[in-house]
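Below is one structure, written out as structure tokens; comments come after it.
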Amino acid sequence: MSAKLDTTKRITFIGGGNMANAIIGGLLANGYPPTNIIVSEPFEASREKLQSTFGVLTTTDNAAAVAFSQDPKNVTTPADLVMLAVKPQIMRDVAQGIAHAVQKHKPVVVTIAAGITLKDLAKWLSSDAQGNDISGARSPALVRVMPNTPALVLEGATGLFASSEVTEEQKTLAFNVLGAVSKSAFWVEREELLDVVTGLSGSGPAYFFLMVECLAAAATELGLPSEVAQGLARQTCLGAGRMLVDTAEDPAELRRKVTSPNGTTHAAIQSLEASGMRQAFKDAVVAATKRGEELGKMFSQ
Amino acid sequence: MSAKLDTTKRITFIGGGNMANAIIGGLLANGYPPTNIIVSEPFEASREKLQSTFGVLTTTDNAAAVAFSQDPKNVTTPADLVMLAVKPQIMRDVAQGIAHAVQKHKPVVVTIAAGITLKDLAKWLSSDAQGNDISGARSPALVRVMPNTPALVLEGATGLFASSEVTEEQKTLAFNVLGAVSKSAFWVEREELLDVVTGLSGSGPAYFFLMVECLAAAATELGLPSEVAQGLARQTCLGAGRMLVDTAEDPAELRRKVTSPNGTTHAAIQSLEASGMRQAFKDAVVAATKRGEELGKMFSQPTVSGPKL
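In structure tokens form, the structure reads like this:
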């Protein structure tokens with residue numbers, strides 16, 4: 001990832017679920033001091049697990065977490081970055097609940113929630129818990145992120161978009177925090193492109209899960225014991241991914257290199273082309289992208 | 001992998017190409033002493049690279065490599081395992097050329113060549129260079145292997161079949177040698193099942209390469225810069241593979257866990273199902289499997305100038 005991770009920055013997580021756990025684990029593995037991380041999380045069992053596993057600070061008070069202080073009048077070191085790791089359905093309430101603290105302390109706010117646009121998040125972060133505008137409120141520095149499930153095993157593929165208020169330093173911090181769980185991460189120039197990232201890598205792991213399921217089932221039907229078919233199919237996905245990531249070559253070129261004329265691979269590829277695989281995958285990415293756009297409008301309501 | 005790798009065994013490679021290099025690299029990384037490995041390879045540049053990279057013994061004489069000795073009359077420590085890492089087209093000539101040495105020293109012979117059946121290999125390893133039967137020849141201990149390209153990055157998926165002459169100790173050795181480059185390896189009960197392994201994992205990496213190519217192209221058409229689409233698509237394949245390998249759960253269950261009702265993933269999966277993806281992948285595996293069976297019969301023919309695999 002780009003510039004070095006600045007471990008002196010204070011990071012707040014609103015929500016202590018799987019993604020927060022994964023990112024915190026990744027940060028600590030990169031030498032982050034746990035005392036620079038606070039997690040606001042309603043479930044006591046989750047808070048205890050965070051404390052015992054990572055040694056991070058925990059609270060149930062979202063606004064106090066943003067301020068890195070239990071006393072809103074005594075705030076010396078507020079958060080530099082606030083990660084909103086809550087489900088889209090509760091985002092508006094969460095955002096309005098921390099709006100005063102965000103307006104006051106001006107952290108960069110990072111959302112990993114699918115379907116929440118920055119236009120809506122900016123509005124909620126400029127409104128109080130009753131939904132009234134906060135006087136003198138400014139558009140906060142916002143970063144919207146589309147990660148994916150393999151972030152949970154530190155192998156994420158991630159797209160990010162920054163609002164115009166985000167400084168270069170804040171961009172670097174946000175990028176590096178997501179970099180703790182991603183092996184591939186890119187900024188996109190327009191927020192709408194995150195819907196395409198959703199269709200490609202956000203939802204993408206499921207396409208590969210489906211493919212492995214289908215390949216293993218086919219092999220089992222042809223007589224391979226299902227344990228063997230599963231083991232080989234799964235490892236083939238991983239091995240192919242490793243080769244793709246490790247090489248600068250086009251996937252098409254890699255494919256040509258392993259496809260001898262008239263051989264077994266050639267037969268299979270011809271069959272896939274004849275089945276209309278290219279169009280099928282294009283349609284799938286388009287379907288997921290469109291659904292992402294729709295959800296973005298829906299959560300606005 | 002099963003029992004511990006026995007690094008005192010002597011291993012001969014006939015052919016010093018990419019796969020041999022990958023296996024040797026994997027063995028050395030597992031502590032194998034390079035002096036217990038010899039590679040017979042015609043190209044001098046390849047031999048020099050093997051020596052300088054790995055410190056293994058090299059030669060141009062296949063039979064001497066099997067004997068681990070330049071003097072066929074003075075053989076004290078012949079190979080325990082002979083890996084045939086040559087192209088299918090020259091297998092018959094290579095096998096007949098080492099038949100006497102194999103019959104005399106009885107190593108387990110491992111082939112990684114696609115499309116070469118053990119029936120044919122056994123015949124060739126019982127015939128001399130002119131094709132005449134060697135008198136008193138016995139069926140050798142043979143292991144046929146279907147690895148895949150990611151073995152070159154030590155992430156192989158591999159199927160193996162052993163002829164009835166192979167002892168348990170020889171099976172363990174062969175399995176561990178392929179284990180040096182494989183993260184997943186299985187014995188199959190019947191040789192024909194290696195054609196299915198071919199259709200699944202042998203040719204399989206290309207199916208994933210094609211999928212990544214298609215997904216990245218689709219995303220690029222929708223406006224994502226191609227560098228971004230490529231990076232994300234490739235990593236998604238790797239990340240998905242990592243999750244699949246690390247979990248005991250069904251791929252279908254993993255998929256359900258990440259598919260919220262009516263969400264983006266649901267939309268894409270429905271689209272793939274409607275496109276007939278299941279049948280498409282089944283047809284592809286069947287096509288590759290069938291082609292593997294055909295090639296196995298083709299290389300049997302006496303005059304072989306058949307296609308590459």
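Line order of the protein sequences matches chains E and G. As numbered in my numbering, residues 1 to 301 make up the first sequence, in order. As numbered in my numbering, residues 1 to 309 make up the second sequence, in order. Every residue, glycine too, gets a C-beta built ideally from N, C-alpha and C. These numbers come from a predicted model, not from an experiment.
Q: With 8 Å as the threshold, decide whether the Cβ of M19 (chain E) is near any Cβ in chain G.
A: no
Q) R10 (chain G) by DSSP, collapsed to three states: which one? A) coil
**Q.** Contiguous beta strand (DSSP E) assignments of at least 3 residues, all confined to the stretch 116-185 of chain E
**A.** 142-146 and 156-162
Q. By a C-beta neighbour count over all protein chains shown, 10 Å radius and 16 as the cutoff for buried, is N62 (chain G) buried or exposed?
A. buried
Q) Helix, strand or coil: how does DSSP classify S2 (chain E) here? A) The predicted model places S2 (chain E) with a pLDDT of 48, which falls under 50 and marks its position as unreliable; any figure quoted below should be read in that light. In this structure, S2 (chain E) counts as coil in the three-state DSSP scheme.
**Q.** Closest by C-alpha distance to D93 (chain E), when choosing among E:S127, E:V166, E:A141 and E:T76
**A.** E:S127
Q) What number of angstroms, rounded off, separates the C-alpha of A63 (chain E) from the C-alpha of A268 (chain E)? A) 57 Å
Q | Collapsed DSSP secondary structure at I90 (chain G) in the structure displayed | A | helix
Q) Comparing the C-beta of F299 (chain E) with each C-beta of chain G, is any distance below 8 Å? A) no
(Q) Can you find the residues in the same chain that come closer than 6 Å, C-beta to C-beta, to Y32 (chain G), ignoring five residues on each side of it along the sequence? (A) T7
**Q.** Bridge-paired residues (DSSP) for L84 (chain G)
**A.** G:I14 and G:T111
Q | Assigned secondary structure, K87 (chain E) (DSSP; H/G/I helix, E/B strand, else coil) | A | coil
(Q) Tell me whether V166 (chain E), by its Cβ, gets closer than 7 Å to a heavy atom of the ligand FMN. (A) The model depicted lacks the ligand FMN and carries no ligand whatsoever.
Q) Name the chain E residues that come within less than 7 Å of N176 (chain G), Cβ to Cβ? A) Near N176 (chain G) there are no residues of chain E at all, since even the closest Cβ is about 17 Å away, more than 7 Å.
Q | Contact belief for V108 (chain G) with V143 (chain G) at Cβ below 8 Å, rounded distance in angstroms | A | 6 Å
Q) Is L154 (chain G) helix, strand or coil when you go by DSSP? A) coil
Q: For L254 (chain G), return the contacting residues in chain E, with the cut-off set at a CB-CB distance below 7 Å.
A: F209
(Q) Does F13 (chain E) come out as helix, strand or coil in the three-state DSSP assignment? (A) strand
Q | Interface positions of the stretch 53-81 of chain E facing chain G (Cβ-Cβ less than 7 Å), listed along the chain | A | none
Q | Residue span of the beta strand (DSSP E) that contains A185 (chain G), given as start and end | A | S182 to W187
Q) Per DSSP, L314 (chain G) is paired with what? A) Not covered by the structure: residue 314 (chain G). The range shown for chain G is 1 to 309.
Q | Residue(s) in a DSSP beta bridge with W187 (chain E) | A | E:L160
Q.
Does chain G have any CB closer than 8 Å to the CB of V197 (chain E)?
A. yes
(Q) In this structure, how does DSSP classify S203 (chain G) when only helix, strand and coil are distinguished? (A) coil
(Q) On the DSSP letters alone, give me the boundaries of the beta strand (DSSP E) that T172 (chain G) sits inside. (A) Counting along the chain, T172 (chain G) falls outside any beta strand (DSSP E), though it belongs to the alpha helix (DSSP H) covering E168 to G179.
Q: For the alpha helix (DSSP H) containing I112 (chain E), list its first residue and its last residue.
A: Unbroken run through I112 (chain E): none, as it is neither H nor E.
Q. Under 8 Å Cβ-Cβ, which residues of chain G neighbour A137 (chain E)?
A. Neighbours of A137 (chain E) on chain G: none; closest Cβ ~31 Å, over 8 Å.
Q: Alpha carbon to alpha carbon, how far is T265 (chain G) from T198 (chain G)? Give it in angstroms, no decimals.
A: 31 Å
Q: Evaluate Q96 (chain G) with the Cβ neighbour count: other Cβ atoms within 10 Å of its Cβ, from every protein chain shown; 16 or more gives buried, anything less gives exposed.
A: buried
Q. Cα separation between M83 (chain E) and K282 (chain E)?
A. 32 Å
Q) Which residue comes first and which comes last in the alpha helix (DSSP H) that contains I116 (chain G)? A) Looking at the DSSP string, I116 (chain G) is not in any alpha helix (DSSP H), and its letter there is neither H nor E.
Q) Name the chain E residues whose beta carbon is nearer than 7 Å to that of I269 (chain G)? A) A206 and L210
Q: Using 10 angstroms around the beta-carbon of T149 (chain G), count the other beta-carbons present and answer buried if the total reaches 16, otherwise exposed.
A: buried
Q. In the DSSP assignment, what residue or residues form a beta bridge with L194 (chain E)?
A. In DSSP, L194 (chain E) forms no bridge with anything.
Q. What span of residues does the alpha helix (DSSP H) with M232 (chain E) cover, start to end?
A. Here residue 232 (chain E) turns out to be Leu, not Met, going by the sequence shown. Note, L232 (chain E): alpha helix (DSSP H), S226 to D246.
Q. Is D71 (chain G) buried or exposed, if buried means 16 or more other CB atoms sit within 10 Å of its CB?
A. exposed
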